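Reading through the C-alpha cells given below for one structure.
Residue numbers (this note's numbering), protein chains in the order written: chain A, 1221 to 1524; chain B, 425 to 721.
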C-alpha cells in the first residue's frame, strides 16, 4: 500500500458511491447469506415459507454427531475427502504433463489445447449424459471392454465403482482449465534455461524435474488450491452422474442439498437449519484442509 | 546422447528453439517425436471419442441401437432430432442459459471493476479490510439454504431477476484479480486523465476497461463458466420449467426419457452443437482469456 489515499478525481464521494453500489450486490446476495448460514444453523427453519422459526441452540450440531446420523455423515465426509484428494492429485499431475506436451512445437497442438478445454464449455449436464451413454451397463462401449474380459458391471450403479468413475469424469472435465493455467506458467519460463540445461547434458526428464517444475511452482500452488477448494465443495457433476442420494457418491455438498431440499424440487418441509449446520461443518473442513495445503505448498515452493 | 552432440551444436551458435532437434542428432529425436505425437493423439482421442460416440448413437434408430449399441451406424436417420426438438423445448432453455450467463457475468464483472479499482488505488478508506474481504470471498460456506430463504423473503423466488442477481453476486476471485492486475497499471495514467478533466465515472467506464481488458475478460469468463454450469441453484430457485437453464432442461429430459439413448443422444447433440460451433469461433480468445488476467496478477 504505497498509496496515500489522496483522491485525484475531484470529490471522493463519487468513488465511494460507486464502490458502495458494487459492494451492496455482493453483500446482499453473497456475504449476508454466508454469515446467515451460521445464524440459521442454530434454528429449526424449514423450507416452507413463513412457518415460525425458533432458536434451537446446538441441536442441529448434536444431530449431526448423533448416532442416528453419524454413519451417514462420516460416509459423506469420507467421500468428500476421497473425491477432493483424488481429483486434485490426478488433475494436477495429468494437467502438468499435458501442458508440457502441448507447449512443445508439435503440429496440431492448438487443436489439442482447444479440445481439452472444450468440456468447460459443454457444461455438466452434457458431460453427464455423454458418460451415462459411454458407461451404459446394457451395451455401452465400456460394457464391451468389460465384456472382453468376461466381466460386466453396473458402472455408476455399482457402489464400488461409482466413486472412481465420478472422479475420472471430474478430472476429464476439469483438466482444460488446469492445462491452460500451466501453459501460461510454462510460457513465462525463458527457453534459454532449457537450452543451457540440455547443453549441460540434462535429459528431458531431468529438465522437467529440475528446470520446469521449480519454476512452475507458483502455478502448481494456484492450480492445486483451486482444484482442492473446488473439489471439496463440488456437487454439480456428481448430482448429474449419480443423483443426490446415492450413498457411494454422497458428498457433504449433496448432503446439504438433500437435507435442505429433499433431493426433489423444493416444497417439502425439510429442516434447513440442520442443512445449514452441515454447511458450517463443511466450511470448517474446507478452511482447515486448504490452509494446511497452502502452508505446505508455500514451504515446498521455497525449498525447490 | 545430447551431451555427445552438444559441442557441435554450440559451435553452430544455437539460439532459437527451432534449432533444438539438431542438438540431439541421430534417430532418437525421431523416435521421441513419434512418442510425443502418439501422446498428443491419445489426448485428443480421450476427448473426441465420447463426443463422436454420441453423434453415432444419435443417428441410430431404436432398433439399431438395441441390436448393436456400440457399432458404427449403418442406416443414419434424423428422426431422433425431430422428436427431441418436438418434445424438448431446447431452444428456450438455451436462450434462458444465454440470458442468465451473459447478464450475470456482465454484472459480476462490472461489480468486480467497481469494487476492485478504488481499493487498489486507495480511493476508498479501509483498503486492508476490503482486500481481506475479497480474499475471504473465496472461502465462503455453501449458502444454498440462506440464498433460498433470502429469495423467498425478497419475493425473488422463481424469478429470473432473483436468479440473475444471486449468480451475479458470486464474483469469486474477480475483485482480487482486478486489484492484482491494477498493480501493473501505472497510477500516473489516472492522474493524467484526472488532470485532463476526466471524471471518475467516465474514467472507470470509458478509459479503464480498455486499459485492463485482459483481466476483465478473465473475470467475465470465469464467472460465465460458473453460471453456465449451474444446475443446483437453478433447481432450487427456478421451479417453473419455462425458466430452466439448459443444464436443468436437459437433465429433466433425461429423467423423462430414461434409457432411450438414441433420443437422449440427439437431444444432447442439439444442445451441444451450438456450443461447439460458438466455441470453434471463440476458443483462441477463451483459452487466452482464462489466463490473460491471471498472468500479471
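Positions of the beta carbon are idealized from the N, C-alpha and C atoms, including for glycine. These figures come from a predicted structure and were not determined experimentally.
Would you say residue i faces chain A, with C-beta separation under 8 Å as the test?
{"i": "residue 520 of chain B", "result": "no"}
{"i": "residue 498 of chain B", "result": "no"}
{"i": "residue 678 of chain B", "result": "yes"}
{"i": "residue 504 of chain B", "result": "no"}
{"i": "residue 485 of chain B", "result": "no"}
{"i": "residue 566 of chain B", "result": "yes"}
{"i": "residue 574 of chain B", "result": "yes"}
{"i": "residue 620 of chain B", "result": "no"}
{"i": "residue 604 of chain B", "result": "no"}
{"i": "residue 615 of chain B", "result": "yes"}
{"i": "residue 705 of chain B", "result": "no"}
{"i": "residue 644 of chain B", "result": "no"}
{"i": "residue 664 of chain B", "result": "no"}
{"i": "residue 594 of chain B", "result": "yes"}
{"i": "residue 437 of chain B", "result": "Confidence is the limiting factor: at residue 437 of chain B the pLDDT is only 35, short of 50, which leaves the residue's position unreliable and the question unanswerable from this model."}
{"i": "residue 474 of chain B", "result": "yes"}
{"i": "residue 651 of chain B", "result": "no"}
Could you have a look at residue i and say whether DSSP puts it in helix, strand or coil?
{"i": "residue 1266 of chain A", "result": "strand"}
{"i": "residue 1491 of chain A", "result": "strand"}
{"i": "residue 505 of chain B", "result": "helix"}
{"i": "residue 1442 of chain A", "result": "helix"}
{"i": "residue 1275 of chain A", "result": "strand"}
{"i": "residue 703 of chain B", "result": "helix"}
{"i": "residue 622 of chain B", "result": "coil"}
{"i": "residue 1324 of chain A", "result": "coil"}
{"i": "residue 1407 of chain A", "result": "helix"}
{"i": "residue 684 of chain B", "result": "coil"}
{"i": "residue 478 of chain B", "result": "helix"}
{"i": "residue 725 of chain B", "result": "The question about residue 725 of chain B has no answer, for chain B in this structure spans 425 to 721."}
{"i": "residue 673 of chain B", "result": "helix"}
{"i": "residue 1228 of chain A", "result": "coil"}
{"i": "residue 441 of chain B", "result": "Low local confidence applies: a pLDDT of 40 at residue 441 of chain B is under 50, so the model's placement there is unreliable, with the coordinate-based value given in what follows. Residue 441 of chain B falls in the helix class under three-state DSSP."}
{"i": "residue 469 of chain B", "result": "helix"}
{"i": "residue 1261 of chain A", "result": "coil"}
{"i": "residue 484 of chain B", "result": "coil"}
{"i": "residue 1414 of chain A", "result": "helix"}
{"i": "residue 1357 of chain A", "result": "coil"}
Tell me the residue span of the alpha helix (DSSP H) that contains residue i.
{"i": "residue 1364 of chain A", "result": "1361-1368"}
{"i": "residue 1248 of chain A", "result": "Segment: none, residue 1248 of chain A is in no alpha helix (DSSP H) and carries neither H nor E."}
{"i": "residue 1375 of chain A", "result": "Neither: residue 1375 of chain A is in no alpha helix (DSSP H) and is coded neither H nor E."}
{"i": "residue 638 of chain B", "result": "637-653"}
{"i": "residue 1481 of chain A", "result": "1472-1481"}
{"i": "residue 1346 of chain A", "result": "1344-1354"}
{"i": "residue 561 of chain B", "result": "First-last for residue 561 of chain B: undefined, no H or E at that position."}
{"i": "residue 600 of chain B", "result": "598-606"}
{"i": "residue 514 of chain B", "result": "514-545"}
{"i": "residue 586 of chain B", "result": "584-593"}
{"i": "residue 570 of chain B", "result": "568-577"}
{"i": "residue 1459 of chain A", "result": "1456-1462"}
Under 8 Å between C-beta atoms, does residue i make it to chain B?
{"i": "residue 1310 of chain A", "result": "no"}
{"i": "residue 1334 of chain A", "result": "yes"}
{"i": "residue 1502 of chain A", "result": "yes"}
{"i": "residue 1354 of chain A", "result": "yes"}
{"i": "residue 1342 of chain A", "result": "yes"}
{"i": "residue 1257 of chain A", "result": "yes"}
{"i": "residue 1518 of chain A", "result": "no"}
{"i": "residue 1450 of chain A", "result": "no"}
{"i": "residue 1495 of chain A", "result": "yes"}
{"i": "residue 1469 of chain A", "result": "no"}
{"i": "residue 1241 of chain A", "result": "yes"}
{"i": "residue 1453 of chain A", "result": "yes"}
So, under 8 Å CB-CB, residue i and residue j are touching, yes? Tell me the CB distance rounded to an integer number of Å.
{"i": "residue 1499 of chain A", "j": "residue 566 of chain B", "result": "4 Å"}
{"i": "residue 614 of chain B", "j": "residue 552 of chain B", "result": "With a Cβ gap of about 20 Å, residue 614 of chain B and residue 552 of chain B do not count as contacting."}
{"i": "residue 482 of chain B", "j": "residue 683 of chain B", "result": "Actually they are not in contact, since the Cβ atoms of residue 482 of chain B and residue 683 of chain B sit about 15 Å apart, beyond 8 Å."}
{"i": "residue 1451 of chain A", "j": "residue 1308 of chain A", "result": "6 Å"}
Residue i: buried (16+ other C-beta within 10 angstroms of its C-beta) or exposed?
{"i": "residue 1298 of chain A", "result": "exposed"}
{"i": "residue 669 of chain B", "result": "buried"}
{"i": "residue 1319 of chain A", "result": "buried"}
{"i": "residue 511 of chain B", "result": "exposed"}
{"i": "residue 473 of chain B", "result": "exposed"}
{"i": "residue 1260 of chain A", "result": "buried"}
{"i": "residue 504 of chain B", "result": "buried"}
{"i": "residue 667 of chain B", "result": "buried"}
{"i": "residue 605 of chain B", "result": "buried"}
{"i": "residue 1438 of chain A", "result": "exposed"}
Should residue i be counted as a contact of the ligand ADP given a C-beta to heavy atom distance under 7 Å?
{"i": "residue 570 of chain B", "result": "With respect to the ligand ADP, the structure offers nothing, as it holds no ligand at all."}
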